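Participant:
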Amino acid sequence: MRLAVAKSTLESLLINLQPFLEKKDTSQITSHILLMAKDNGLTAKATDQEIGLTIETEHVSIQLDGKATANGKKLLDIVRILKEGDIILETLEDTLHIKQENSRFKLPMFNADEFPSFPDVDDLPSIELDSMKLIQMFKKVSPAIDTNNPKYELNGALLNVKENEIDIVGTDTRRLAIGKIENSSGTTLSMIIPKKAIIEIQKLFFDQIEIHYDETNLIITAPGYYFFTRLINGKYPDYERIIPKSVKYSLTLPKSKIVEAIKQITTISQEIKMTFEPNSIVFKSLGDENSEAQTEIAVETGFENRFVLAVNSRYLLDFLSNIDTETFTMGLNEPNLPFIVESGNFSTVIMPIII
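Under the working numbering, the letters of the sequence shown match residues 80 to 434, in that order.
Have a look at this one:
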């Protein structure tokens, strides 16, 4: 293999592939990127066997078809320190040579034919939906998805495709985030997508995508890109029973004022106490006997009597930072029961702190 490629093109490609590499064991071929030069195009692949990405580019000059592998991190480190301009990649025996003017580098290769294969998208069923709305909802829900939970199913988002709508759900057991989008396809299915995949999908895709699936994989394709992730095998909790069926108190609150007040209190404590008076809400820090923060905003709450709610402020801020409306709805029952915050088709159920 021999090719010339602009530094900017190669660097961008390698950066996108980094999250898909095996990081812990560099003796594995999955710590390498597979490069395939053929028919005036370059195809690059990376996978840790759980998640994988293929990128294709024609912004390259192929002088000799062929394949190569190289440690993905080291190759990116080399490309980053080179100057703008073309870089030559060439294989000689079991080595990849990287050249630019007077600079020369060599990296060992694995046998490219032993690189793991990716799931085949041919003949797989597809999900027809507004993919941009799906990606936007992944962004809203992802802060609530747990990490490193021994219950593996909680380390992913549930994609619950129902007859008329699709629920995207994430929970860390202290809060439950739910986004809804329309389903006009009539397809019904349920799958759990790992959090890592949810995050990478948000980074990679900004336009319409095609989504395919089978029992073990979710595959996303777009021009020049092929992405796959293994699905989490498990039974997601019955999230619908967590959602309050009714609320005693429903408040419409100003987003910007609430965010400003919460951020003032979080200079002292992440745990806050909100005291709802008829014409105001008082915010106060919790937990630190030697330090204190307090602020108050004027707002018509509709309460006749004082109502005190303690909460982890991060859960509220994660919700508020992902809504586009100037106001949102807060539904409350009792201070020790889950409450719900809503804006349009996105909501979060939050467990309060018992005080």
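Glycine included, each C-beta is placed from N, C-alpha and C at the ideal position.
Given the structure is predicted, the values throughout are model-derived calculations rather than measurements.
1) To which residues of the same chain is I167 closer than 8 Å at the C-beta, ignoring the five residues directly before and after it?
2) Please report the distance separating the alpha-carbon of F284 from that of K275.
3) Can you confirm whether the segment 229 to 247 touches the segment 308 to 327 when touching is taken to mean that 3 or more C-beta pairs between the two stretches lie within less than 8 Å?
4) Applying the criterion that 16 or more other CB atoms from any shown protein chain within 10 Å of the CB defines a buried residue, is H291 buried or exposed?
5) I need the boundaries of the beta strand (DSSP E) containing S426, first residue and last residue.
6) One question on the structure: do T406 and L297 come within less than 8 Å of each other, judged by their Cβ atoms?
7) Across the segment 372 to 380 and the segment 188 to 208, are there enough close Cβ pairs to call them in contact, namely three or more that are closer than 8 Å?
8) Can you tell me where the beta strand (DSSP E) holding N95 begins and where it ends?
9) Since K282 is in the alpha helix (DSSP H), which residue starts that stretch and which ends it?
10) So what does H176 bridge to, in DSSP terms?
11) Would T128 pass as a contact of P195 if the rule is Cβ separation under 8 Å?
12) Determine the burial state of N262: buried for a count of at least 16 other Cβ atoms within 10 Å of its Cβ, exposed for fewer.
13) Use the C-beta contact count for T226: other C-beta atoms within 10 angstroms, 16 or more gives buried, fewer gives exposed.
14) Suppose you measure from the CA of E163 to the CA of I157; what does that come to, to the nearest Å?
15) With a threshold of 16 other CB atoms inside 10 Å of the CB of H111, please say whether the residue is buried or exposed.
16) With a CB to CB cut of under 8 Å and the five nearest residues on each side skipped, what residues in its chain are close to I260?
17) With DSSP run on the structure shown, which of helix, strand or coil describes V240?
Facilitator: In terms of the structure at hand:
1) By 1-based counting over the sequence shown, the position of residue 167 is 88. Cβ within range, chain order: R81, L82, A83, H176, I177, K178 and Q179.
2) In the sequence shown, residue 284 corresponds to position 205, counting from 1. In the sequence shown, residue 275 corresponds to position 196, counting from 1. Rounded to whole angstroms, F284 to K275 spans 14 Å at the Cα level.
3) yes
4) Along the sequence shown, read from residue 1 onward, the residue named residue 291 stands at position 212. H291 is buried by the Cβ-count criterion.
5) For the purposes of this step, residue 426 is identified with residue 347 of the sequence shown, where counting begins at 1. S426 -> beta strand (DSSP E) spans F425 to I429.
6) Here residue 406 refers to the residue found at position 327 of the sequence shown. Here residue 297 refers to the residue found at position 218 of the sequence shown. No. Outside cutoff.
7) no
8) One-based indexing of the sequence shown puts residue 95 at position 16. Not the beta strand (DSSP E): N95 falls in the alpha helix (DSSP H), residues K86 to L96.
9) Within the sequence shown, the letter at position 203 stands for residue 282. First-last of the alpha helix (DSSP H) with K282: K274 to L283.
10) Position 97 of the sequence shown, counting from 1, holds the residue named residue 176. Partner(s): E169 and K185.
11) For the purposes of this step, residue 128 is taken as the residue at position 49 of the sequence shown. For the purposes of this step, residue 195 is taken as the residue at position 116 of the sequence shown. Inspection of the sequence shows that residue 128 is occupied by Gln rather than by Thr. Contact flag set, yes.
12) In the sequence shown, counting from the first residue as 1, residue 262 sits at position 183. Answer is buried; the Cβ neighbour count reaches 16.
13) Residue numbering aside, residue 226 sits at position 147 when the sequence shown is read from its first letter. It counts as exposed.
14) Residue mapping note: residue 163 aligns to position 84 of the sequence shown, counting from 1. Residue mapping note: residue 157 aligns to position 78 of the sequence shown, counting from 1. Approximately 13 Å between the Cα atoms of the pair.
15) Start at 1 with the first residue of the sequence shown, and residue 111 comes out as number 32. The residue is buried, with at least 16 neighbouring Cβ atoms inside 10 Å.
16) For the purposes of this step, residue 260 is identified with residue 181 of the sequence shown, where counting begins at 1. If we look at I260 and ignore the five residues flanking it on each side, its Cβ neighbours are L208, D209, K212, L213, M216, E244, I245, I247 and N424.
17) Here residue 240 refers to the residue found at position 161 when the sequence shown is read from its first residue. Strand.
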